[in-house]
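Asks: The structure under discussion is supplied below as structure tokens; questions concerning it will follow.
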Amino acid sequence: MAKMNTDAFIKIPGKKDDKRIPSRVLEEIIHRHIKNGRKSIEVEGFGQHGIGGRLWGAGNEKIHIRITGQSGQRAGSLGTANTRIEVLGPASDDIGWLNAGSEIIVHGNASNGVMNGAAQGKVFIGGSIGARGMTMTKRNPRFEPPELWVLGTAGDYFGEFMAGGIAVICGQDVDKEDQILGYRPLVGMVGGKVFVRGSVKGFSQKDARLSHLNDEEWNWLLIHLGVFLENINKTELLTSFSNRSQWQLLEAKSPGEKAEGPEKPSMSWFREQVWDKELGKGGLIGDLQETKKGSIPLITKGDLRRYIPVWEQGRYMAPCQAACPTGIPVRERWNMVRLENIDEAISMGLEYTPFPSIVCGYLCPSPCMASCTRNQNYYSPIDVRLLGKAGEKVKLPKPSKKSKKRIAIIGAGPGGISAAWHLTLKGHTPTLFDTGDTIGGKISSVIPGSRIPKETLEAELNRVKEVIPDIKLNQAINGGEFLKIKNDYDFTIVAVGSKRPRSLPVPGIERAVFANDFLESSKKDKVTPGKRVVIIGAGNVGCDVATEAHRLGAKEITMIDVQEPAASGREKEDAQAIGASFRWPCFTKEITKKGVVLQDGEVLKADTIVISIGDIPDLDFLDEQITIEKGFIAVDKFNRTSDPRIFAIGDVVGQGLITDAIGSGRRAALSIDRIIAGKSPDYGEILPQIDKQRISLEYYNPRNDADNLSDCGADCASCGQCRDCGICVAVCPEEAIKRVEINKQDFEYKVDPDLCIGCGFCKGACPCGIWNLIPNTAL
Amino acid sequence: MSSNRKLEPSSLSLNDLPWQIVYNNDRCSLCGQCTAVCPVKAIELSVFQKRIIKISIKKDKNQVNEYDTFYGISQKTRVENACIGCAMCTLVCPNDAIAPIKNPGLDRLKFHVNQQGIPRRRGGRRNSSQSILDRIKFTRISMLTDPALDAGRHEFEMRTLLGRVLSPRENMKRLREKGWIPPVREIYPLIIGGMSFGALSPTMWEGLQMGVAYLNEELGMPVRMCTGEGGCPPRLLRSRFLKYVILQIASGYFGWDEIIHAIPHMKEDPCAIEIKYGQGAKPGDGGLLMWHKVNKLIAAIRGVPAGISLPSPPTHQTQYSIEESVAKMILSMSMAWGFRVPVYPKISASSTSLAVLNNLTRNDYASGLAIDGEDGGTGAAYAVSMDHMGHPIASCIRDNYLDLIKIGKQNEIPIFAGGGIGKNGNLAANAAALIMLGASGVQIGKYAMQAAAGCVGTEEDRCNVCNVGICPKGITSQDPRLYRRLDPEDVAQRIVDLFVSFDTELKKIVAPLGRSTSLPIGMSDALGIDDHAAAERLSIKYVV
């Protein structure tokens, strides 16, 4: 057998016996020839699939496949590097699909999907290509990139998701310039280059960028254009393709470039150039209000603060002062103690009461202490009695200039004396009338000696006598006398107290004594109560009776009441200490020789029975112009009766504490002073009491139980009054608070609004509750 | 609470509060920013006392008690200062020392918010994270069956029609006879629903409008925004941007005289007119803009005096029946713009919605129907209305759409859905689900506030103070100290981000369905749900 010429083309028909050879059989025929050493094969295609691909059976031998007839879809697909495929006519879809190295030449147009997914090899198209050419192509770094050369134009959606390779579209014989690359090329392109001769429009700007060729690229293109034209037998076109200015390069954007995104106008440009231009300066509402550009921070200063701190010095009354019926500014006195003005702190008491020691120091149940903020945390209240007791020996306050107004005060008890005292201090001339032979009313007549040292009592009563020279004792006041006084004096103050004891409507009541009578006699040791004493009415006066009865020899003391006994404080403690028993509810049926008979028949044996169920005023001397309600004189808030020249104070307007009587005396005196001065008796709004929650007790040692003036001063929480501690200055995070001195005497804490952020730390830290945080005024 | 103090029924401890401040004294720098920023003054600087006991076992040693004082941030327990969980303190804290956490136990504040007999009122949402929309899946994915589309590669026409579309026969007839053809707008299917100038701050409102204008003019997306009932700034009425605006009229008729005055000067017709009859968040209840929000600016735009409360009654006073309401209002509003502008009612989702829809189908002037579901938001409402009144949007939309199919008008009158779309962040999925159930488009409110302005509201009863004008983000406040925190430009940019990303997501959903040229309205064969009853109720597939 003659040696076979393996280089000569062997022709394989696509049809046999007028029948199309199936793609599978044609594939087998080609492979058989390759196996037999054939290197040149001409296939007369009849639309068979994938002709010319996959010829790895040839090893490194160069194989040349020539396709005549109809090449079919995916000619040269999965092509190998040793294969050169030439299609002599037009090519069908997906030529060079998944090409792994073949060189494919098409001497005509190729339809859709040219080189789709190819990674190596070259495809030369001597015409134009359809849609989706060069899509999903890749470049494997181990090999040269795939190349696609197109003489004419590319169809729509060229280069989608192109990830590598080089495409050259020469744009030969194009009617309209914008058709070189079809509609929306290069969407999703991530790699590779596309050289285009002619203009480029509508490519995906998100993915690709257009540029001119640099020298290296141009040189590469020129050399390889020659190869391309040689392959498609059109070398004559080289000159016309060699105009560098006609060429442009499309390249994939880097991920970095893509992250920047396609260029869109900025919003601030839009606002300025489009929005405000159409609407006018200031935008949407620029015509209605001034608008400011930009935003403000979350933490603001000055006018932009939502809340602002206020130093509320002098705006609130301390709970102690608010609770004091006499109105003594207790907080201010402790402040003076802190400032080491101890003398002034003590003597200040006399500006409010004639009896700082007797009442504040001994007799008063101290409502100021009961309302002390420190009680909130069960801390011991500041002991005001120390200040009171120290008042015994204080020098007299200086009275004002004398006025010619004369005021009669009927009754020289604590209330009457208080009124006379304050009228004197204001420069008026009061006259005190009393039926008794001493001044002081109940203080001197009925309060047991055990409750107060005799010297203190005498010292303060003597001081009263010094201040008020005009005291008329043993003056019985009846209706006629009263009218005379009323006409003689500019004002009259009724202060006769409640001396008429309340009685019980039970048989045998005459066997009992009334508490005040008992106490008056006991004070002079003129009574012998016996061993057994029953006290009907277990209030504080009853307790005093019990204590006195015990002092005078009683052993078995029983206090009964119809309800839970009202006794409290020192009086109750003292009564309990001497062993008095409290019983309730007990309803008295009658009083017999044996003692008190209760409703249930029980007999409480007694040598002495004392009725202690309160007193009512004796007002028979008053004229009818003065309104009386339920046994007491009706007054307004200035203690003025229905007769504007007559005032009433103390127990005649309702039973109360001694301090109530002193307070009402002071109130009446000040009202009269204002009326004399031609003013309204109204002395203005009383300051509201500070909210105790604003006070920080955490600064004080809960175990301290101050027992001297200076410790008391230190532990007083100074509720609602700045104690000048400077904690706010220290705590303010913005150093916005400064202490400012005023006239070297006073001071103020001031906030610099340009530093303050309105955090309220000053309020939170302030021991005294001076700082408040309030909403800023609306802008 | 100090030891010697009266215990009251409403004396609450930290444990009773719905939000508790967790505070780390060791990390705190005492800078004051948290207390300065807190909108409800829930926290303050406090003085604390610490007892130190110094003891010794030795007999001769003194046992000593010492007291030390220190500072820290404490939480108030008064009802009016209860923490709302907004976490602005956390936002400003330089040391990460403070944060509110939700009380996992029972919220006992709930029992005490009715002080003085006033039930709780709030802004916000229903505070329930349940969402049937989140459970709907798109189960029809075309791969080889239909031309599968690629959201990133293919072009999509994400447009919907707002307006009455006549049947082809009727349309041809009217064309021939030169009759009136109803106006139809081609708009983007995601609409910013009605939030009034007043309910929203000026910066927020301007930001939304600016973003919408940008989307239209720079990105070619025909996005529309409804004004809500509070009028419209005169400048906007006289600008070309008006075409992006749906003007709302409601029972208070606020700002409408200004709109009437502006009509002769309008460069463009508005996109549409929405007649509000109901709101999903508080069906059957009206609105109330509290006096403290009615400042000079709001007053000027609404055409009322400043400093008075502005009630929008639950119903329009002069309308007594469906027939009358619909016919009278739609006709009046159509006339105002010479029948060139679509007019449609908005109602709250209800078991009675079908009656309204049936009525609209018989009225050529009716351009559509907007239905607002129970998950809609509001600037102010009684909590009981928000929490317990209303109808879920999904089944309501479905019922209405199926009703249209029954009478063959599903392509003629569009239904728009609102209320809770994206309530858990799944905006595109929820929107697509409603569209496939039959909505022609969706309206959003809260989502825009969250995405575009950082509203801190969640479904856990967080913040919810829109009604009292102290919005910490400046979204619903009329106080310049708050609303100036918000830069309209930033809001606009976020609106753009929101719509562009929504667009991508919507494409990702519709592309596998093979839809690129029209929205898959009513394409319910694409939907499935893993709940049999819900599947039955919505006439979609049950998938497990």
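If you read the sequences in order, they're chains A and B.
The numbering of the first sequence is numbering that gives the first Met the number 0, which starts it at 0 and goes up by one.
The numbering of the second sequence is numbering that gives the first Met the number 0, which starts it at 0 and goes up by one.
Glycine residues also receive a C-beta, built at the ideal position from the N, C-alpha and C atoms.
1) What residue does the alpha helix (DSSP H) around TYR361 (chain A) start on, and which one ends it?
2) How would you label ILE262 (chain B), buried or exposed, when you count the other beta carbons within 10 angstroms and need 16 or more for buried?
3) With burial defined as no fewer than 16 other Cβ atoms inside 10 Å of the residue's Cβ, what is the status of TRP583 (chain A): buried or exposed?
4) With the cut-off set at 8 angstroms, would you say GLY279 (chain B) and ASP371 (chain B) are in Cβ contact?
5) Check the Cβ of TYR70 (chain B) against every Cβ in chain A and list those closer than 9 angstroms, keeping chain order.
6) At least one CB of chain B closer than 8 angstroms to the CB of ARG550 (chain A): is that the case?
7) Could you tell me which of B:MET522, B:GLU458, B:ILE494 sits nearest to ILE443 (chain B), measuring between CA atoms?
8) Using a cut-off of 7 angstroms between C-beta atoms, extract the partners of ASP710 (chain A) located in chain B.
9) How would you call GLN247 (chain B), buried or exposed, if buried means at least 16 neighbouring beta carbons within 10 angstroms?
10) For MET171 (chain B), count the other beta carbons within 10 Å of its own beta carbon; 16 or more makes it buried, fewer makes it exposed. Which is it?
11) Of all the residues that make up the stretch 348 to 379 of chain A, which are near chain B by a beta-carbon distance shorter than 8 angstroms?
12) Out of B:GLY151, B:PHE137, B:GLY230, which one is the CA nearest neighbour of GLY302 (chain B)?
13) Give a yes or no on whether the minimum CB-CB distance between SER695 (chain A) and chain B is below 8 angstroms.
14) Of the choices A:ASN334, A:LYS530, A:LEU551, whose alpha-carbon is the least far from that of ALA713 (chain A)?
15) With 8 angstroms set as the bound, which would you pick, yes or no: does the beta-carbon of SER10 (chain B) sit closer than that to a beta-carbon of chain A?
16) Using a C-beta to C-beta distance shorter than 8 angstroms, which residues of chain B count as neighbours of VAL186 (chain A)?
17) Within a Cβ cutoff of 7 angstroms, which residues of the same chain sit near MET0 (chain A), ignoring the five residues on either side of it in sequence?
18) If you follow the beta strand (DSSP E) that ASN64 (chain B) is part of, which residue opens it and which one closes it?
19) Looking only at its chain, what residues have a beta carbon closer than 7 angstroms to the beta carbon of GLY507 (chain A), apart from the 5 residues adjacent to it on each side?
20) Name, please, each residue of chain A whose Cβ falls closer than 8 angstroms to the Cβ of TYR187 (chain B).
21) Should HIS211 (chain A) go down as buried or exposed, given a rule of 16 or more other Cβ atoms within 10 Å for buried?
22) Could you work out which residues of chain A lie near ASP486 (chain B), taking near to mean beta carbons separated by less than 9 angstroms?
23) Between which two residues does the alpha helix (DSSP H) harbouring MET220 (chain B) extend?
24) How is TYR779 (chain A) classed by DSSP in three states: helix, strand or coil?
25) Consult DSSP for ARG134 (chain B) and reduce its assignment to one of helix, strand or coil.
26) Between which two residues does the alpha helix (DSSP H) containing TRP420 (chain A) stretch?
27) With DSSP run on the structure shown, which of helix, strand or coil describes ALA344 (chain A)?
28) Give the interface partners of GLU228 (chain B) over in chain A, defined as CB-CB distance under 8 angstroms, in chain order.
29) Ends of the beta strand (DSSP E) at TRP246 (chain A)?
30) With H, G and I counted as helix, E and B as strand and the rest as coil, what does DSSP make of GLY649 (chain A)?
31) Verify whether the separation of the beta carbon atoms of ARG234 (chain B) and ASP286 (chain A) is less than 8 angstroms.
32) Would you decide whether LEU772 (chain A) is buried or exposed? Buried here means 16 or more other CB atoms lie within 10 Å of its CB.
33) Under the assumption that ARG384 (chain A) contacts GLY360 (chain A) (Cβ atoms under 8 angstroms), give the Cβ distance between them as a whole number of angstroms.
34) Could you check if ASN376 (chain A) belongs to the surroundings of the ligand ADP, using beta carbon to heavy atom distance under 7 angstroms?
35) In the DSSP assignment, find the beta strand (DSSP E) that holds GLN69 (chain A) and state where it starts and stops.
36) Name the chain A residues that come within less than 7 angstroms of PHE240 (chain B), Cβ to Cβ?
Replies: In short:
1) Taking the first residue of the first sequence as 1, we reach residue 361 (chain A) at position 362. First-last for TYR361 (chain A): undefined, no H or E at that position.
2) Mapped onto the second sequence, residue 262 (chain B) falls at position 263. ILE262 (chain B) should be labelled exposed.
3) Here residue 583 (chain A) refers to the residue found at position 584 when the first sequence is read from its first residue. Per the 10 Å Cβ criterion, exposed.
4) For the purposes of this step, residue 279 (chain B) is identified with residue 280 of the second sequence, where counting begins at 1. For the purposes of this step, residue 371 (chain B) is identified with residue 372 of the second sequence, where counting begins at 1. Yes, Cβ-Cβ distance for GLY279 (chain B) and ASP371 (chain B) is below 8 angstroms.
5) Looking up residue 70 (chain B) in the second sequence gives position 71. Per Cβ cutoff of 9 angstroms: VAL730, PHE760, GLY763, ALA764.
6) Here residue 550 (chain A) corresponds to residue number 551 of the first sequence, with the count starting at 1. Chain B, which has no Cβ nearer than 8 angstroms to the Cβ of ARG550 (chain A), makes this no.
7) Residue mapping note: residue 443 (chain B) aligns to position 444 of the second sequence, counting from 1. For ILE443 (chain B), the nearest C-alpha among the options comes from B:ILE494.
8) By 1-based counting over the first sequence, the position of residue 710 (chain A) is 711. Result: empty, since nearest Cβ-Cβ is about 15 angstroms, beyond 7 angstroms.
9) Numbered from 1 along the second sequence, position 248 holds the residue referred to as residue 247 (chain B). Answer is buried; the Cβ neighbour count reaches 16.
10) The residue you call residue 171 (chain B) lines up with position 172 of the second sequence. Burial call: exposed.
11) ASN374, GLN375, ASN376, TYR377
12) Residue mapping note: residue 302 (chain B) aligns to position 303 of the second sequence, counting from 1. It is B:GLY230 whose Cα lies nearest to the Cα of GLY302 (chain B).
13) Translated into the one-based positions of the first sequence, residue 695 (chain A) becomes position 696. Cβ-Cβ to chain B under 8 angstroms: yes for SER695 (chain A).
14) To locate residue 713 (chain A), count along the first sequence from 1; it is residue 714. For ALA713 (chain A), the nearest C-alpha among the options comes from A:ASN334.
15) As a first step, residue 10 (chain B) must be located in the second sequence, where it is residue number 11. For SER10 (chain B), the answer is no, since every Cβ of chain A falls outside 8 angstroms of its Cβ.
16) As a working mapping, residue 186 (chain A) is identified with position 187 in the first sequence. Here the neighbours are GLY151, ARG152.
17) To locate residue 0 (chain A), count along the first sequence from 1; it is residue 1. Bear in mind that a pLDDT of 43 at MET0 (chain A), under 50, signals an unreliable position, so the number given afterwards is only what the model happens to contain. Cβ neighbours of MET0 (chain A) beyond the five flanking positions: none.
18) If you number the second sequence from 1, residue 64 (chain B) lands on position 65. First-last of the beta strand (DSSP E) with ASN64 (chain B): 63 to 74.
19) Looking up residue 507 (chain A) in the first sequence gives position 508. Same-chain partners within the cutoff: GLU589, ILE590, THR591.
20) Here residue 187 (chain B) refers to the residue found at position 188 when the second sequence is read from its first residue. The contacting residues do not exist; TYR187 (chain B) stays about 17 angstroms from chain A at best.
21) Looking up residue 211 (chain A) in the first sequence gives position 212. HIS211 (chain A) comes out exposed.
22) By one-based count along the second sequence, residue 486 (chain B) stands at place 487. Simply LYS292, GLY293, SER294.
23) By 1-based counting over the second sequence, the position of residue 220 (chain B) is 221. Looking at the DSSP string, MET220 (chain B) is not in any alpha helix (DSSP H), and its letter there is neither H nor E.
24) As shown, chain A starts at 0 and ends at 778. That puts residue 779 (chain A) outside it, with no answer to give.
25) The residue you call residue 134 (chain B) lines up with position 135 of the second sequence. If DSSP states are grouped into helix, strand and coil, ARG134 (chain B) belongs with the helices.
26) Here the question's residue 420 (chain A) lines up with position 421 in the first sequence. Element bounds for TRP420 (chain A): 413 to 424.
27) Here residue 344 (chain A) corresponds to residue number 345 of the first sequence, with the count starting at 1. ALA344 (chain A): helix per DSSP, three-state reduction.
28) Position 229 of the second sequence, counting from 1, holds the residue named residue 228 (chain B). Within 8 angstroms Cβ-Cβ: nothing; GLU228 (chain B) doesn't reach chain A, min ~18 angstroms.
29) In the first sequence, residue 246 (chain A) corresponds to position 247, counting from 1. Element bounds for TRP246 (chain A): 246 to 251.
30) In the first sequence, counting from the first residue as 1, residue 649 (chain A) sits at position 650. It is helical.
31) Translated into positions along the second sequence, residue 234 (chain B) becomes position 235. Translated into positions along the first sequence, residue 286 (chain A) becomes position 287. Yes, these two residues count as a Cβ contact at 8 angstroms.
32) One-based indexing of the first sequence puts residue 772 (chain A) at position 773. It counts as buried.
33) For the purposes of this step, residue 384 (chain A) is taken as residue 385 along the first sequence, with counting starting at 1. For the purposes of this step, residue 360 (chain A) is taken as residue 361 along the first sequence, with counting starting at 1. That pair is a contact at about 5 angstroms.
34) Although the ligand ADP was asked about, the structure shown includes no ligands whatsoever.
35) On the first sequence, position 70 is the one that residue 69 (chain A) refers to. From DSSP, the beta strand (DSSP E) with GLN69 (chain A) extends over 62 to 69.
36) Taking the second sequence and counting its residues from 1, one reaches residue 240 (chain B) at position 241. Chain A residues near PHE240 (chain B): GLU277.
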